[in-house]
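> Sharing a structure below in structure tokens format, with a few things to ask.
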Amino acid sequence: MARSYRLSLAAGVALVLGAHSAAIAGGPSDDKLVIDGEMEIMTRVAPPEGHPLDEVISGWHYRTEETRDLEADSFQNPGMLYVERGEEIWNTVEGDAGKSCASCHEDGAEFLKGIGANYPKWNAGAGKPFNIELQINQCREENMQAKPYKFDAADQKALTTFIKHQSIGMPVELDLTEGDMKSWWDKGEELYYTRTGQLNLSCATCHEDYNGNYIRADHLSQGNVNGFPTYRLKQSAMVSLHNRFRGCIRDTRAAFPAAFSDDLMALEVYVTWRGSGLGVETPAVRQ
Amino acid sequence: MRTGARLTSLPALLAGLTVMAASVATAGTVAPDSVPIEDMELTQTLTDNKGNPAAGREAFADRKKGNCLACHANADLEEQLFHGEVGPELDGVADRWSEEQLRAIVVNSKDVFGEQTIMPGFYTLKVGVNVAEENAGQTILTAQEVEDVVAYLMTLKDN
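Here is the structure:
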């Protein structure tokens, strides 16, 4: 942790300099994300049909060099601790049924490959899209007879991080033909363009119209979700996607919806689609 | 009513900004959205107190008030870290816009730049949905703070 603190200070200094040469600092970096010098991640891709932008770009490109380097080195990436913790949870028996995730699915690394890249997914039983967190809770309740995790419980974040990490480098892709996925996408699109709060801003105002620009100390990205849960240096912790959504909505001085509410699930479907084709980066490192 | 406001506000001026802002709210203050912006201008001042540029400079930088630096670089505030680049630099802005236009921009930028602008309206209640409880029914800046910010912007001249 001491090391990441020092790095985030260094990132701060870079931003101060950036503020005075804003035009030079702006825009995404031209670097390539190669993890441990081995695995290149797709961080700039052609958009899916009907996408408003010309190019889909990962948030990684908008971070400082120090932050980018931290993500490219899995030994230094503080998020990797949560991956390890998540694997422990995968193999730990909990609940009245005396089962762990591994009791049903066996080896996590093998079973989970590619799964996280295709969430949220239509859940016919529930009649709505499920993200990884909701799927975990359903398995805990129905198969393990364990209590569902509370939103943002440490174990929920670690297990979600582990599951998503098993798809690292694989392209994000949603199946919008299943069930009612398309109507959730529609609802998410509507929310994405709805201005909220006293500051009267929508997701699109910041992430579509002004990505690449500094808004005070923050370099605005396209707000893609392929790195979630992400390790945030500012908070020295993993941050879940719905936590991030709520933070952005709160910053418009609006009341924010509950985690996993229909509004945030619709937004997750739509915003995930906007990042189609990007490689999964979990655990991404952000400022 | 307006002359009365000027008199009651005078002692408050000496007592400092917060007290002043509170007292003018009860005096001759123009309510949000009650005066139309016409041809990108707001000729009527929002209070009878002249704007105070020094107080305006503070409200401009204060993250809880104008937070104008979030989007605008401004060389006059070089001592503040992190100037944004979402909007134009405001150096010399008083050479480009009149006081009446600057008041209109700060009060409700949408009436000047169009509905699509990212810049918030600082003295309007035409805002987004689901406003947080603590901000509901309130403007971002008070009438006096708007006048102060406008007075400050009028000091930003290149020539």
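Chains D and X are the protein sequences, given in the same order. The working numbering numbers the first residue of the first sequence as -4 and each following residue consecutively. The working numbering numbers the first residue of the second sequence as 388 and each following residue consecutively. We treat Cβ as the ideally placed atom computed from N, Cα and C, and that holds for glycine.
(1) According to DSSP, His214/D sits in a beta bridge with which residue or residues?
(2) Taking 8 Å as the cut-off, does the segment 118 to 127 of chain D touch the segment 97 to 106 of chain D (at least 3 CB pairs, one atom from each stretch)?
(3) Run through the segment 456 to 489 of chain X for me and flag every whole alpha helix (DSSP H) of 4 or more residues, listed as ranges in chain order.
(4) Is any beta-carbon of chain X found at less than 8 Å from that of Tyr187/D?
(5) Could you tell me which uninterrupted beta strand (DSSP E) segments, each at least 3 residues in length, are contained entirely in the segment 104 to 159 of chain D, listed from first to last along the chain?
(6) So, is Ile19/D buried or exposed, given that buried needs 16 or more other C-beta atoms within 10 angstroms?
(7) Reducing DSSP to helix, strand and coil, say where Lys544/X ends up.
(8) Tell me, please, whether the CB atom of Ala253/D is closer than 8 Å to any CB atom in chain X?
(9) Regarding Gly111/D and ligand 1, is the C-beta to nearest heavy atom distance less than 7 Å?
(10) Taking the Cβ atom as the reference point for each residue, do Ala530/X and Leu464/X lie within a distance shorter than 8 Å?
(11) Taking one C-beta from the segment 199 to 206 of chain D and one from the segment 81 to 101 of chain D each time, how about it: are there three or more such pairs within less than 8 Å?
(12) Any beta carbon from chain X within less than 8 Å of Ile52/D's own beta carbon?
(13) Between Tyr144/D, Cys99/D, Thr225/D, Asp49/D, which lies nearest to Arg63/D when the distance is taken from Cα to Cα?
(14) Please report the straight-line C-alpha distance between Trp484/X and Met541/X, rounded to a whole angstrom.
(15) When you compare the CB positions of Gly74/D and Ser216/D, do they come within less than 8 Å of one another, or not?
(16) Could you compute how far the alpha carbon of Leu262/D sits from the alpha carbon of Ser235/D?
(17) Leu209/D versus chain X: which residues are under 7 Å apart at the beta carbon?
(18) Quick check on Gly274/D: does DSSP put it in helix, strand or coil?
(19) For chain D, is any of its Cβ atoms less than 8 Å away from the one on Glu466/X?
(20) Give me whichever residues DSSP pairs with Leu196/D in a beta bridge.
(21) Taking 8 Å as the threshold (C-beta atoms), are Leu196/D and Thr247/D in contact?
(22) Thinking C-alpha only, which one of Ser178/D, Leu28/D, Thr277/D is nearest Arg340/D?
(23) Taking Pro43/D as the reference, give the member of Gln282/D, Arg269/D, Ile158/D with the closest Cα.
(24) Where does Thr172/D land, buried or exposed, given buried means 16+ other C-beta within 10 angstroms?
(25) Have a look at Pro440/X and Ala462/X and give me their C-alpha separation to the nearest angstrom.
(26) Going along chain D in order, which residues have a C-beta closer than 9 Å to the C-beta of Ile527/X?
(27) Below 8 Å between beta carbons: does that hold for Met427/X and Val499/X?
(28) Here's the rule: buried if 16 or more other CB atoms are within 10 angstroms of the residue's CB, otherwise exposed. What is Asp435/X?
(29) On the premise that Ala153/D lies in contact with Ile110/D, defined as a C-beta separation below 8 Å, what is that separation, rounded to the nearest angstrom?
(30) For the segment 29 to 39 of chain D against the segment 156 to 167 of chain D, are there 3 or more C-beta pairs whose distance is under 8 Å?
(31) Between the Cα of Leu429/X and the Cα atoms of Ala519/X, Ile505/X, Glu486/X, which residue gives the shortest distance?
(32) For Ala519/X versus Gly192/D, is the C-beta distance shorter than 8 Å?
(33) In this structure, how does DSSP classify Glu50/D when only helix, strand and coil are distinguished?
(34) List the residues of chain D whose Cβ lies closer than 8 Å to the Cβ of Pro507/X, in chain order.
(35) With 16 as the cutoff for other CB atoms within 10 Å, does Thr188/D come out buried or exposed?
(36) So with CB distances below 7 Å, who are the chain X contacts of Thr200/D?
In short:
(1) For His214/D, which the question treats as bridged, DSSP gives the partners Tyr209/D.
(2) Under the Cβ criterion (8 Å, minimum of three pairs), the segment 97 to 106 of chain D does not count as touching the segment 118 to 127 of chain D.
(3) Assignment of alpha helix (DSSP H) within the segment 456 to 489 of chain X, counting only whole runs of 4 or more residues, yields 480 to 483 in chain order.
(4) Against chain X, the CB of Tyr187/D has no partner CB under 8 Å away; the residue lies outside that interface.
(5) Fully enclosed beta strand (DSSP E) runs of 3 or longer: 116 to 118, 123 to 125.
(6) Interpretation of Ile19/D is limited by its pLDDT of 41, a score under 50 that renders its predicted location unreliable; no figure is taken from the coordinates.
(7) In the structure shown, Lys544/X sits in coil (DSSP, three-state: anything other than H, G, I, E or B).
(8) Among the residues facing chain X, Ala253/D is not included, as its CB has no counterpart in that chain under 8 Å away.
(9) Of ligands this structure carries none, so ligand 1 is not represented either.
(10) Not closer than 8 Å, so no.
(11) Counting C-beta pairs with one atom in each stretch, the segment 199 to 206 of chain D and the segment 81 to 101 of chain D have fewer than three that are closer than 8 Å, which means they do not touch.
(12) Output row for Ile52/D: interface = no.
(13) If we check each option's Cα against that of Arg63/D, Thr225/D comes out closest.
(14) Taking the straight line from one Cα to the other gives about 9 Å.
(15) Not a contact, by the Cβ cut-off of 8 Å.
(16) Approximately 14 Å between the Cα atoms of the pair.
(17) Sequence check: residue 209/D is Tyr here, not Leu. The contacting residues are Gly471, Glu472.
(18) Annotated three-state conformation of Gly274/D is strand, per DSSP.
(19) Output row for Glu466/X: interface = no.
(20) Its beta-bridge partners are Thr191/D.
(21) Contact flag set, yes.
(22) The structure shown does not extend to residue 340/D, since chain D is modelled only from -4 through 282, so no value can be given for it.
(23) Looking at the Cα atoms, Arg269/D is the closest of the given residues.
(24) So Thr172/D ends up on the exposed side.
(25) For Pro440/X and Ala462/X, the distance between alpha carbons rounds to 16 Å.
(26) Those within 9 Å of Ile527/X in chain D are Gln193, Leu194, Arg248.
(27) Yes, the pair counts as a contact, with Cβ atoms nearer than the cut-off.
(28) Buried, by the Cβ-count rule.
(29) Beta-carbon to beta-carbon, Ile110/D and Ala153/D are separated by about 17 Å, too far to satisfy the 8 Å threshold.
(30) Segments in contact, yes.
(31) It is Glu486/X whose Cα lies nearest to the Cα of Leu429/X.
(32) Yes. Within cutoff.
(33) The three-state secondary structure of Glu50/D, taken from DSSP, is coil.
(34) Ordered by position in chain D, the residues that pass the 8 Å Cβ test against Pro507/X are Gln193, Leu194, Asn195, Leu196.
(35) Note that residue 188/D is Tyr in the sequence shown here, rather than Thr. Counting other Cβ atoms within 10 Å of its Cβ, Tyr188/D stays below 16 and is therefore classed as exposed.
(36) Per Cβ cutoff of 7 Å: Ile505.
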